[in-house]
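First comes the structure, then the notes that go with it.
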Amino acid sequence: MEIKFTKEQYENLIKLVYLGYWMINYAHGEEEAEKFEEIEQYIYSLAKDFKLENYIRHNKEFDKYFPTIEFEEESKVEKYISEYNDGILWDELINRLAMRDLIKKYGEDAVEEMEFEERVEKQQPFIEKYENEFSKNGIENLVLKSNW
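Under this note's numbering, the sequence shown has 1 at position 15, and the numbering climbs by one with no breaks.
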């Protein structure tokens, strides 16, 4: 089987490979990411064929291909990562606070026994409360109890 890419498609592919490898490595560490290294290296090895050596370079010392600083700056991958992290932060914070409040109100056992639709319906007012608060004030009003 042969897959053909245009230069633009290949450039988008290396962005996807970079982002996917970054996510696995960040979330699960190098040991888990190593499972994907072979395909990452294969995709990166094609850069010369697409005249994108300015984005991917071979390091003779390690005998591996690595994205260049130029790639990281020009391809927007760092921007994608930053925007992803920002979105995940707010989503996770809002959902975890909403779940905490739901459990406080109904009890852990009752929440575990709820059907999915019921839980979503009862959690929604808490989600909206935190969405409104954080969209207006960011973390300005967020206070943590301290036993210090």
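Backbone N, C-alpha and C fix where the C-beta goes; we use that ideal spot for every residue, glycine too.
Between the Cα of V3 and the Cα atoms of Y116, E17 and F22, which residue gives the shortest distance?
-> Looking up residue 3 in the sequence shown gives position 17. It is F22 whose Cα lies nearest to the Cα of V3.
Check the C-beta distance from A33 over to I25 and give it rounded, since I have them as a contact under 8 Å.
-> In the sequence shown, counting from the first residue as 1, residue 33 sits at position 47. In the sequence shown, counting from the first residue as 1, residue 25 sits at position 39. No, A33 and I25 are not in contact; Cβ-Cβ is about 14 Å, not under 8 Å.
Cβ of Y12 versus every heavy atom of the ligand FMN: is any distance shorter than 8 Å?
-> Annotation note on the ligand FMN: not contained in the displayed structure, which lists no ligands.
Reduced DSSP category for K50 - H, G, I as helix; E, B as strand; rest coil | Counting from one through the sequence shown, the residue named residue 50 turns up at place 64. Here K50 sits in strand by DSSP.
Grab me the residues of A84's own chain with a C-beta within less than 7 Å of its C-beta, minus the 5 sequence neighbours each way, in chain order.
-> For the purposes of this step, residue 84 is identified with residue 98 of the sequence shown, where counting begins at 1. Contacts found: Q109, F112, I113 and Y116.
Would you tell me roughly how many angstroms separate the C-alpha atoms of L88 and E99, rounded to the nearest one?
-> Reading the sequence shown from its first residue, position 102 is the one you call residue 88. Reading the sequence shown from its first residue, position 113 is the one you call residue 99. In a straight line, the C-alpha of L88 is about 13 Å away from that of E99.
Consult DSSP for I42 and reduce its assignment to one of helix, strand or coil.
-> Here residue 42 refers to the residue found at position 56 of the sequence shown. Taken through DSSP and simplified to helix, strand or coil, I42 comes out as strand.
Own chain partners of H44 with C-beta closer than 7 Å, once the 5 adjacent residues on each side are dropped = Within the sequence shown, residue 44 is the residue found at index 58, counting from 1. Excluding sequence neighbours, H44 sits near Y51.
Are there 16 or more other CB atoms within 10 angstroms of the CB of I(-11), so buried, or fewer, so exposed?
-> Here residue -11 refers to the residue found at position 3 when the sequence shown is read from its first residue. By the neighbour-count rule (16 or more Cβ atoms within 10 Å), I(-11) is not buried but exposed.
Could you work out which residue in Y70, E69, N81 and L130 is closest to V106 when comparing CA atoms only?
-> Numbered from 1 along the sequence shown, position 120 holds the residue referred to as residue 106. That would be N81, whose Cα lies nearest to the Cα of V106.
If you follow the alpha helix (DSSP H) that E121 is part of, which residue opens it and which one closes it?
-> The sequence position of residue 121 within the sequence shown is 135, counting from 1. Checking the sequence shown, residue 121 turns out to be Ser, not Glu. Taken as a continuous stretch (DSSP letters only), the alpha helix (DSSP H) holding S121 covers F102 to N123.
Between N40 and E20, is the Cβ-Cβ spacing less than 9 Å?
-> Residue numbering aside, residue 40 sits at position 54 when the sequence shown is read from its first letter. Residue numbering aside, residue 20 sits at position 34 when the sequence shown is read from its first letter. The answer is no: Cβ separation not under 9 Å.
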